[in-house]
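Remarks on the structure that follows.
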Amino acid sequence: MARMKFICDAERCIECNSCVVACKQEHNIPWGVNRRRVVTLNDGVPGERSISAACMHCSDAPCMAVCPVDCFYKTADGVVLHDKDLCIGCGYCFYACPFGAPQFPQDGAFGLRGKMDKCTFCAGGPEPDGSEAEFQKYGRNRLAEGKLPACAEMCSTKALLGGDGDVLADIYRQRAMARGKGSEVWGWATAYGRPEGKPSAPRPQDKPGPKAPANGNGGKS
Amino acid sequence: MRNSSILSAAAVWVATLSLAGAAVAQTPALNPEDAQRARAQQQRQRTQPGNDAPVWRDVRYGEPKVSAVRGRETDVLIQSEGQTWRAARVPMATTGGFVFALALLGILGFYLWRGPIELTEPPTGRRIERFTRAQRIMHWTLAIAFTTLGVTGLIITFGKNVLLPVFGYSVFSVVAMAAKILHNFVGPVFVVLLPIMIVMFLKSNLFKSYDWPWIKRFGGMMDRTGRSEVPSGKANAGQKILFWLMLVAVGITAAITGLILDFPNFDQTRQTMQIANGIHMVAGIGGVILLAFHIYLGTVGMRGAYDAMRHGYVDESWAKQHHRIWYEDVMSGKASHGDRPVKVVEPGRGAA
Numbered sequence: 000m001a002r003m004k005f006i007c008d009a010e011r012c013i014e015c016n017s018c019v020v021a022c023k024q025e026h027n028i029p030w031g032v033n034r035r036r037v038v039t040l041n042d043g044v045p046g047e048r049s050i051s052a053a054c055m056h057c058s059d060a061p062c063m064a065v066c067p068v069d070c071f072y073k074t075a076d077g078v079v080l081h082d083k084d085l086c087i088g089c090g091y092c093f094y095a096c097p098f099g100a101p102q103f104p105q106d107g108a109f110g111l112r113g114k115m116d117k118c119t120f121c122a123g124g125p126e127p128d129g130s131e132a133e134f135q136k137y138g139r140n141r142l143a144e145g146k147l148p149a150c151a152e153m154c155s156t157k158a159l160l161g162g163d164g165d166v167l168a169d170i171y172r173q174r175a176m177a178r179g180k181g182s183e184v185w186g187w188a189t190a191y192g193r194p195e196g197k198p199s200a201p202r203p204q205d206k207p208g209p210k211a212p213a214n215g216n217g218g219k220s
Numbered sequence: 000m001r002n003s004s005i006l007s008a009a010a011v012w013v014a015t016l017s018l019a020g021a022a023v024a025q026t027p028a029l030n031p032e033d034a035q036r037a038r039a040q041q042q043r044q045r046t047q048p049g050n051d052a053p054v055w056r057d058v059r060y061g062e063p064k065v066s067a068v069r070g071r072e073t074d075v076l077i078q079s080e081g082q083t084w085r086a087a088r089v090p091m092a093t094t095g096g097f098v099f100a101l102a103l104l105g106i107l108g109f110y111l112w113r114g115p116i117e118l119t120e121p122p123t124g125r126r127i128e129r130f131t132r133a134q135r136i137m138h139w140t141l142a143i144a145f146t147t148l149g150v151t152g153l154i155i156t157f158g159k160n161v162l163l164p165v166f167g168y169s170v171f172s173v174v175a176m177a178a179k180i181l182h183n184f185v186g187p188v189f190v191v192l193l194p195i196m197i198v199m200f201l202k203s204n205l206f207k208s209y210d211w212p213w214i215k216r217f218g219g220m221m222d223r224t225g226r227s228e229v230p231s232g233k234a235n236a237g238q239k240i241l242f243w244l245m246l247v248a249v250g251i252t253a254a255i256t257g258l259i260l261d262f263p264n265f266d267q268t269r270q271t272m273q274i275a276n277g278i279h280m281v282a283g284i285g286g287v288i289l290l291a292f293h294i295y296l297g298t299v300g301m302r303g304a305y306d307a308m309r310h311g312y313v314d315e316s317w318a319k320q321h322h323r324i325w326y327e328d329v330m331s332g333k334a335s336h337g338d339r340p341v342k343v344v345e346p347g348r349g350a351a
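First to last, the protein sequences are chains A and B.
If you're matching positions, the first sequence starts at 0 in numbering that gives the first Met the number 0 and goes up one per residue.
If you're matching positions, the second sequence starts at 0 in numbering that gives the first Met the number 0 and goes up one per residue.
Spelled out as structure tokens, the structure:
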């Protein structure tokens, strides 16, 4: 099984924000929530670098550790997902996440935040793969369709890559060797620097869903 | 003529101010340290174009950079404090949970060993007004709020380890959601009630010289015969310590940190909320432990204590045994409830 990871090549990112737009478009994300964002360092001065950041699907995810209802789970691909039906909107994952990935549709008085929303690595949620319920809550399940995350697929300079961590590391190594610089891999030590957590056991409420056909069309043929 | 020159001078002044304001608003607020780091990075780019190390070190400072995505702290790439918070919170909660469980076991052990504190003299039937109606209403309102906050706080903090394995995910999520909503709405009610309660009970909880012997001998509570109780005023030293710890220290701390956490709409940063959350948890665990002691001694732990707060009256023997100095003040007419003397109901009369 592949271990899914994101990598962002700061030597290539041109801060075009298409990953942000691709994500919003793909998943029909509500106003005010951005699962992905681009941050620019040294803006406007020599040495400017941009990074596209979202949930990194950490090995030992802090959100998972602090969630009071244990609504997070890790798939066999190493993707960290959460169950919005269980989420109580307490905000602990938002405090703990180093990458600022967990988002809330609102920040109301009396702690009324709504259900947490974050990057799913385009892998949906606990609902049956490709179902309407899954789309409404988590967006498209591209992984089940045999596709990679929309943000990485959209990236015009191929700065943002998403997929099997070993493959990504090989690509990145070749790039760094060829250009002779920029070998720093942003966020990997933070996200993947600790021992890998085990994939969660299947939840009782997880029902085996209809497997999406391999035509890459979300079962809508 | 004169007027118009004043007017034009004023107009020029206003224009200058607004231009300067706009310029200041558009200049990135750089402190000297940041500027120094940026210059060093630029220098490094010229001498070692392939070395990005300073840039990546900079990421770890967690300072705001630039992002087109609007929102709270979207321009911070990595906030390391989150990992610190997690690393501190998990062991703190575990320790706190065991301390709370130990406190409950301690109370149970004390009950089994000591039993309830009984009256040593038979009741005389003469009843003394201990708390006014206003004090009792206040006490019970705050008691309900405090207990609700305590129980819901425990569910949010320890439910994952204690209730979730029993209830399962779906049911526990509903319980936790209810706990969170109750906690967040009763919290502000508690914040309003707390100062009233503190003011109302402040006078009887100021320390007096006769409290010291009580503290040194723990009020004689360890004597199972109950015959060596140290004389005390309306509140004994233990109750006074409870007042200052539970209402003043824990109450005010939890109120302030709770408000920070309960109203995320004021754009406070994650770090503010992490710190508030840590303090809130410690205060909360301290609060429920004190609450457990208070409930124990106010109900099964001491005969007659519950009736004092339930009906407002205590028997003469009870007052003499547990609050000797207050009893003597009542009998000599020195004790009062605000501007009126303490009511004493003779045997055979109905309660006031």
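Even glycine gets a Cβ: it sits at the ideal position worked out from N, Cα and C.
Cβ distance (whole Å) where B:K64 is taken to contact B:D74 below 8 angstroms: As a position in the second sequence, residue 64 of chain B is number 65, starting the count at 1. As a position in the second sequence, residue 74 of chain B is number 75, starting the count at 1. Indeed they touch by this definition, with Cβ atoms about 5 angstroms apart.
Presumed contact (8 angstroms Cβ cut-off) between B:F157 and B:G96, rounded CB distance: The count along the second sequence starts at 1 and reaches residue 157 of chain B at position 158. The count along the second sequence starts at 1 and reaches residue 96 of chain B at position 97. Sure, about 5 angstroms apart at Cβ, within 8 angstroms.
Minimum C-alpha distance to B:I197 - residue among B:R125, B:W112 and B:V247: By one-based count along the second sequence, residue 197 of chain B stands at place 198. Measuring from the Cα of B:I197, the nearest candidate turns out to be B:V247.
Cα-Cα separation, A:C22 to B:T140: Position 23 of the first sequence, counting from 1, holds the residue named residue 22 of chain A. Position 141 of the second sequence, counting from 1, holds the residue named residue 140 of chain B. Their backbone Cα atoms lie some 50 angstroms apart in a straight line.
Boundaries (first-last residue) of the beta strand (DSSP E) holding A:S49: Mapped onto the first sequence, residue 49 of chain A falls at position 50. Segment R48 to A52, the beta strand (DSSP E) holding A:S49.
Contacting residues, own chain, Cβ-Cβ under 8 angstroms from B:R216 (five flanking each side not counted): Taking the second sequence and counting its residues from 1, the one referred to as residue 216 of chain B is at position 217. Excluding sequence neighbours, B:R216 sits near S227 and V229.
C-beta atoms of A:Y72 and A:L85 nearer than 7 angstroms: What you label residue 72 of chain A is simply residue 73 of the first sequence in a count that begins at 1. What you label residue 85 of chain A is simply residue 86 of the first sequence in a count that begins at 1. Not in contact: A:Y72 and A:L85 (Cβ atoms no closer than 7 angstroms).
Bounding residues of the alpha helix (DSSP H) (the contiguous stretch that carries A:G162): What you label residue 162 of chain A is simply residue 163 of the first sequence in a count that begins at 1. It is not in any alpha helix (DSSP H) - A:G162 instead sits in the beta strand (DSSP E) that spans L159 to D163.
Buried/exposed call for A:R35, threshold 16 Cβ in 10 Å: Along the first sequence, read from residue 1 onward, the residue named residue 35 of chain A stands at position 36. Looking at its Cβ environment, which holds 16 or more other Cβ atoms inside 10 Å, A:R35 is buried.
7 angstroms Cβ cutoff, A:G167 in contact with chain B: Taking the first residue of the first sequence as position 1, residue 167 of chain A is located at position 168. Looking at the sequence provided, one finds Leu at residue 167 of chain A rather than Gly. No, A:L167 does not count as interfacial toward chain B.
N- and C-terminal bounds of the beta strand (DSSP E) containing B:E128: On the second sequence, position 129 is the one that residue 128 of chain B refers to. Where B:E128 is concerned, the enclosing beta strand (DSSP E) stretches over R126 to E128.
Neighbour list for B:Q78 in chain A, Cβ cutoff strictly below 7 angstroms: Within the second sequence, residue 78 of chain B is the residue found at index 79, counting from 1. Going along chain A in sequence order, the residues near B:Q78 (Cβ under 7 angstroms) are P97 and G99.
Proximal residues of chain B, C-beta to C-beta of A:R48 below 8 angstroms: Translated into the one-based positions of the first sequence, residue 48 of chain A becomes position 49. Going along chain B in sequence order, the residues near A:R48 (Cβ under 8 angstroms) are D51 and V54.
Within 8 angstroms of chain B by C-beta, residues of the region 179-193 of chain A in sequence order: G179, K180, G181, E183, W185, G186 and T189
Sequence-distant residues of the same chain with beta carbon closer than 6 angstroms to B:N204, five excluded per side: For the purposes of this step, residue 204 of chain B is taken as the residue at position 205 of the second sequence. The residues are A234, K239 and F242.
Sequence-distant residues of its chain with Cβ nearer than 8 angstroms to A:N216 (five each side left out): As a working mapping, residue 216 of chain A is identified with position 217 in the first sequence. Reliability fails at A:N216, whose pLDDT of 44 lies under 50, so the model's placement of it is uncertain and no value is given.
7 angstroms Cβ cut-off: residues of chain E touching A:F120: Any reference to chain E falls outside this structure, whose protein chains are A and B.
Proximity winner among A:V37, A:P67 and A:N41, relative to B:G70 (alpha-carbon distances): As a working mapping, residue 70 of chain B is identified with position 71 in the second sequence. Nearest option by C-alpha distance: A:V37.
Sequence ranges, beta strand (DSSP E) only - wholly within the region 278-304 of chain B, length at least 3: The region 278-304 of chain B contains no whole beta strand (DSSP E) run of 3 or more residues.
B:I294 versus A:S17 - alpha carbon distance: Position 295 of the second sequence holds residue 294 of chain B. Position 18 of the first sequence holds residue 17 of chain A. Spanning the two alpha carbons is a distance of roughly 60 angstroms.
Residue range of the unbroken alpha helix (DSSP H) whose run includes B:D314: Position 315 of the second sequence holds residue 314 of chain B. Per DSSP, B:D314 belongs to no alpha helix (DSSP H); it is in the beta strand (DSSP E), Y312 to D314.
Cα-Cα separation between A:A100 and A:G179, rounded to whole angstroms: Here residue 100 of chain A refers to the residue found at position 101 when the first sequence is read from its first residue. Here residue 179 of chain A refers to the residue found at position 180 when the first sequence is read from its first residue. One C-alpha to the other measures close to 32 angstroms.
Distance between B:A144 and B:V371 (C-alpha atoms, nearest Å): Residue 371 of chain B is absent from the model: chain B starts at 0 and stops at 351.
Buried versus exposed, by CB contacts within 10 Å (16 or more), B:V13: Taking the second sequence and counting its residues from 1, one reaches residue 13 of chain B at position 14. With fewer than 16 other Cβ atoms within 10 Å, it is exposed.
Classification of A:A108 by the beta-carbon crowding that lies within 10 angstroms, buried from 16 upward: On the first sequence, position 109 is the one that residue 108 of chain A refers to. Label assigned to A:A108: exposed.
Per-residue burial, A:R48 [other beta carbons within 10 Å of its own, 16 or more giving buried]: Residue 48 of chain A sits at position 49 when you count from the first residue of the first sequence. So A:R48 counts as buried.
Simplified DSSP assignment, three categories, for B:A351: Within the second sequence, residue 351 of chain B is the residue found at index 352, counting from 1. For B:A351, the predicted model reports a pLDDT of 48, less than 50, meaning its position is unreliable and no value from the coordinates is stated.
A:N41 versus B:R56: straight-line alpha-carbon distance, rounded: Here residue 41 of chain A corresponds to residue number 42 of the first sequence, with the count starting at 1. Here residue 56 of chain B corresponds to residue number 57 of the second sequence, with the count starting at 1. Between A:N41 and B:R56, the C-alpha separation is close to 12 angstroms.
Start and end residues, beta strand (DSSP E) containing A:I6: Locating residue 6 of chain A in the first sequence gives position 7, counting from the first residue. Taken as a continuous stretch (DSSP letters only), the beta strand (DSSP E) holding A:I6 covers M3 to C7.
Contacts of B:F184 in chain A (Cβ-Cβ under 8 angstroms): As a position in the second sequence, residue 184 of chain B is number 185, starting the count at 1. Those are F109, listed as they occur along chain A.
Neighbouring residues, chain B, relative to A:V37 (Cβ below 8 angstroms): Within the first sequence, numbered from 1, the residue matching residue 37 of chain A stands at position 38. Those within 8 angstroms of A:V37 in chain B are S66, A67 and V68.
Rounded straight-line distance, which links the Cα of A:Y91 to that of B:R67: Looking up residue 67 of chain B in the second sequence gives position 68. Looking up residue 91 of chain A in the first sequence gives position 92. The sequence given here has Ala at residue 67 of chain B, not Arg. Distance between the alpha carbons of B:A67 and A:Y91 is about 25 angstroms.
Coarse secondary structure for A:Q102, derived from DSSP in three states: Counting from one through the first sequence, the residue named residue 102 of chain A turns up at place 103. A:Q102 falls in the strand class under three-state DSSP.
Range covered by the beta strand (DSSP E) that runs through A:Y72: In the first sequence, counting from the first residue as 1, residue 72 of chain A sits at position 73. Judged by DSSP secondary structure, A:Y72 falls within the beta strand (DSSP E) whose first and last residues are F71 to K73.
Limits of the unbroken alpha helix (DSSP H) element including A:L80: Taking the first residue of the first sequence as 1, we reach residue 80 of chain A at position 81. Run containing A:L80: none in the alpha helix (DSSP H); it sits in the beta strand (DSSP E), V79 to H81.
Closest residue to B:A253 among B:V89, B:M91 and B:I274 (Cα-Cα distance): Within the second sequence, numbered from 1, the residue matching residue 253 of chain B stands at position 254. Among B:V89, B:M91 and B:I274, the Cα nearest to that of B:A253 is on B:I274.
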